[in-house]
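A.B. asks: Line by line, the protein sequences give chains H and X. Heads up: the first sequence is residues 24 to 278, going by the working numbering. Heads up: the second sequence is residues 24 to 278, going by the working numbering. Encoded as structure tokens, here's the structure I'll be asking about.
Protein chains: 2
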Amino acid sequence: MTYCVALKLNAGLVFASDSRTNAGVDQIACFKKMRIFERAGDRVIVVLSSGNLSITQNAINLLEQHGQYQERRNIWNVASMFDVAQLLGETLREVRDHDGAFLAQNNIDSSANFIVGGQISGEAMRLFLVYAEGNFIEAGDETPFFQIGETKYGKPIIDRVIHSDTALSDAVKCVLVSFDSTMRSNLSVGLPIDVACYLQSSLGLDFKQHITQDDPYFSQISRRWSDGLKGVFASLPNPDWLNRIDNSAHFPGTE
Amino acid sequence: MTYCVALKLNAGLVFASDSRTNAGVDQIACFKKMRIFERAGDRVIVVLSSGNLSITQNAINLLEQHGQYQERRNIWNVASMFDVAQLLGETLREVRDHDGAFLAQNNIDSSANFIVGGQISGEAMRLFLVYAEGNFIEAGDETPFFQIGETKYGKPIIDRVIHSDTALSDAVKCVLVSFDSTMRSNLSVGLPIDVACYLQSSLGLDFKQHITQDDPYFSQISRRWSDGLKGVFASLPNPDWLNRIDNSAHFPGTE
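What follows is the structure in structure tokens.
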């Protein structure tokens with residue numbers, strides 16, 4: 024399994040992905056699920072992937088390989104992030120056309136998703152979610168984030184905290200808390216986490232961090248968040264009817 | 024969609040279910056997803072259901088109807104909760120056999136899940152999860168809870184708080200927080216919530232509460248939990264590298 028999330032804020036873009044892949048519990052490995060295409064001053068493009076690993080890797084490798092042929096429309100010469108999302112959807116379709124039927128013979132799912140975001144000189148930052156069928160949608164102000172993979176455990180904190188005007192530091196903190204919640208509830212999502220930040224209009228990748236098991240900051244966040252939640256929980260009042268239960272012997276007929 | 028959760032603690036059992044069902048966004052209705060079979064001094068059995076509403080209703084109605092025939096093995100005369108889980112699985116199979124193929128003709132999913140728990144005089148409290156195929160598993164001390172329906176958003180708080188020795192009042196509070204998180208992230212889960220509590224060996228239903236939109240306690244829990252989370256989040260430290268981002272113009276080459 025995988026967990027990836029990307030935020031499009033007024034201040035910039037935040038991307039994060041875990042590194043665990045698994046094919047059965049006895050085969051867990053680390054592969055990067057974040058690929059970065061950068062030409063400083065011209066474009067920064069970050070791709071996060073989830074789903075069948077051979078499909079996602081091949082699609083991105085194809086995207087990269089096509090980029091070597093200057094005569095064709097490719098990731099280095101298209102003029103907008105919309106075109107980039109379209110190219111990525113096309114390479115995904117190409118790989119699934121090539122391999123999907125063979126995988127299906129063994130009931131192996133060839134589906135895959137991508138989040139792709141960044142900025143190309145001449146237009147604003149943009150963020151897209153590419154579906155398994157190769158079609159895609161774009162993030163707006165109302166829902167300024169996308170998640171792929173094991174998305175639900177980590178969504179509540181993002182729903183509560185993230186708005187378009189959230190500061191980048193708070194956004195990164197929120198993303199790490201979201202990963203912490205996900206990893207606690209699903210063993211197939213795990214460290215290390217790759218985090219990348221892009222500041223609006225910088226046209227260069229502004230920050231990357233590779234967070235491993237030994238990362239003191241992540242350990243601290245994880246522990247303090249857990250303790251804090253327990254503290255808030257303990258401070259919530261019991262209603263009268265619950266107090267009656269704990270004190271009680273048996274209250275027949277309280278229905 | 025639906026969210027139901029049940030906990031098996033040393034002190035007793037806690038059951039909770041939402042009441043929203045939907046078939047498309049324009050058809051949302053409230054139906055109870057909790058059914059209680061009680062004969063004081065002999066047995067208390069609580070069933071929570073998720074999935075296709077006609078299937079779950081019919082299965083439970085059948086379970087109830089079979090109970091009127093004393094000559095057959097039924098929910099009122101079997102000697103163990105294991106037998107109850109088996110009966111429920113059998114009625115589920117019966118209904119799916121009867122209706123499943125007709126639903127499948129219109130690509131309607133006939134799958135359904137149940138949680139069933141309680142106590143029958145002569146044995147301890149027990150809690151089971153019945154799968155859509157009619158087979159089932161029992162909760163143990165290590166994982167003293169089951170969820171069905173839209174389970175993931177509300178799981179992190181249960182993972183953090185619930186152990187076998189959690190007090191019933193804390194358990195009910197935790198369940199309500201879990202519902203609050205779920206309802207925030209998925210509109211198809213909604214109030215009212217039905218909560219039932221059973222105290223170990225009481226052999227009578229000890230408490231039921233129907234929590235509606237106007238419930239002052241639930242509103243208070245929801246608001247204080249939200250404020251508390253935001254407070255804990257705000258208190259988490261930023262790492263050095265994030266502080267650099269917010270202060271910064273652009274940090275080229277920090278990779």
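We treat Cβ as the ideally placed atom computed from N, Cα and C, and that holds for glycine.
Output the distance between the C-alpha atoms of residue 83/H and residue 102/X, rounded to the nearest integer angstrom.
C.D. replies: 60 Å
A.B. asks: When the cut-off is 9 Å and only beta carbons count, does residue 192/X lie next to chain H?
C.D. replies: Among the residues facing chain H, residue 192/X is included, as its CB has a counterpart in that chain under 9 Å away.
A.B. asks: When Cβ atoms are compared, which residues of the segment 252-267 of chain X fall closer than 9 Å to chain H?
C.D. replies: So the list reads 252, 253, 254, 255, 256, 257, 258, 259, 260, 261, 262, 263, 264, 265, 266, 267, given in the order they occur along the chain.
A.B. asks: Quick check on residue 224/X: does DSSP put it in helix, strand or coil?
C.D. replies: Correct three-state label for residue 224/X: coil.
A.B. asks: When the Cα atoms are used, what is the spatial distance from residue 15/X to residue 120/H?
C.D. replies: This structure leaves residue 15/X out entirely; chain X is present only between 24 and 278.
A.B. asks: Counting only runs of 4+ residues fully inside the segment 128-201 of chain H, write out the alpha helix (DSSP H) ranges in chain order.
C.D. replies: 178-184
A.B. asks: Scan the segment 166-191 of chain H for residues whose Cβ lies nearer than 7 Å to a Cβ of chain X and list them as they occur along the chain.
C.D. replies: Residues 175, 176, 178, 179, 182, 183, 184, 190, 191.
A.B. asks: Between the Cα of residue 166/H and the Cα atoms of 175/H, 156/H, 187/H, which residue gives the shortest distance?
C.D. replies: If we check each option's Cα against that of residue 166/H, 187/H comes out closest.
A.B. asks: In three-state DSSP terms, what is residue 73/H?
C.D. replies: strand
A.B. asks: Cβ of residue 31/X less than 9 Å from any chain H Cβ?
C.D. replies: no
A.B. asks: What does residue 244/H touch in chain X if you count any residue whose Cβ is under 7 Å from its own?
C.D. replies: For residue 244/H, the residues of chain X that pass the 7 Å Cβ criterion are 259, in the order they occur in the chain.
A.B. asks: What are the start and end residues of the beta strand (DSSP E) that includes residue 231/H?
C.D. replies: 230-234
A.B. asks: Have a look at 244/H, 258/H, 259/H, 216/H and flag the residue whose alpha-carbon is nearest the alpha-carbon of residue 256/X.
C.D. replies: 244/H
A.B. asks: Can you give me the Cβ contacts of residue 89/H inside the same chain, cut-off strictly under 8 Å, excluding the 5 residues immediately before and after it?
C.D. replies: 95, 97, 98, 110, 114
A.B. asks: Once you ignore the five residues that flank residue 72/H on each side, which residues in its own chain have a CB closer than 6 Å to its CB?
C.D. replies: 56, 79, 137
A.B. asks: Using a cut-off of 7 Å between C-beta atoms, extract the partners of residue 28/H located in chain X.
C.D. replies: Near residue 28/H there are no residues of chain X at all, since even the closest Cβ is about 14 Å away, more than 7 Å.
A.B. asks: Is residue 38/H close to chain X, meaning its C-beta is less than 9 Å from at least one C-beta of that chain?
C.D. replies: no
A.B. asks: Between residue 236/H and chain X, is there a C-beta pair that is closer than 9 Å?
C.D. replies: no
A.B. asks: Is the beta carbon of residue 116/H less than 9 Å from the beta carbon of residue 157/H?
C.D. replies: yes
A.B. asks: Return the chain-ordered list of same chain residues with a C-beta closer than 8 Å to the C-beta of residue 35/X, the five sequence neighbours on each side being excluded.
C.D. replies: 148, 191, 220, 221, 222, 223, 225, 229
A.B. asks: What is the rounded straight-line gap between the Cα of residue 155/H and the Cα of residue 93/X?
C.D. replies: Each residue's alpha carbon lies about 54 Å from the other.
A.B. asks: Go through its chain and collect everything with a Cβ distance to residue 66/X's Cβ below 6 Å, but skip five positions before and after it.
C.D. replies: 143
A.B. asks: Sort out for me which residues DSSP pairs residue 31/X with in a bridge.
C.D. replies: 36/X
A.B. asks: What does residue 57/H pair with, by DSSP beta-bridge criteria?
C.D. replies: 71/H
A.B. asks: Checking 9 Å against the spacing of the C-beta atoms, do residue 104/H and residue 141/H come in under that value?
C.D. replies: Taking 9 Å as the Cβ cut-off, residue 104/H and residue 141/H qualify as a contacting pair.
A.B. asks: Got a sec? Which residues, its chain only, sit under 6 Å from residue 234/X by beta carbon, not counting five neighbours each side?
C.D. replies: 215, 216, 241
A.B. asks: Can you tell me which of the three DSSP states residue 92/H falls into?
C.D. replies: coil
A.B. asks: In three-state DSSP terms, what is residue 48/H?
C.D. replies: For residue 48/H, the pLDDT reaches just 49, beneath the cut-off of 50, and the residue's location in the model is therefore unreliable, although a value from the coordinates is still provided. Coil, per DSSP.
A.B. asks: Taking the C-alpha atoms as reference points, what is the distance between residue 251/X and residue 203/X?
C.D. replies: 14 Å
A.B. asks: So what does DSSP say about residue 279/X, is it helix, strand or coil?
C.D. replies: Since the first residue shown for chain X is 24 and the last is 278, residue 279/X is missing from the structure and cannot be characterised.
A.B. asks: Compute the beta-carbon to beta-carbon distance between residue 31/H and residue 152/H, rounded to the nearest angstrom, for a pair I have assumed lies under 8 Å.
C.D. replies: Contact doesn't hold; Cβ gap of about 11 Å is too wide.
A.B. asks: Tell me where the alpha helix (DSSP H) around residue 99/X begins and ends.
C.D. replies: Run containing residue 99/X: none; DSSP gives neither H nor E here.
A.B. asks: CB-CB under 6 Å to residue 170/H, same chain, minus the five flanking residues each way: which ones, in chain order?
C.D. replies: 28
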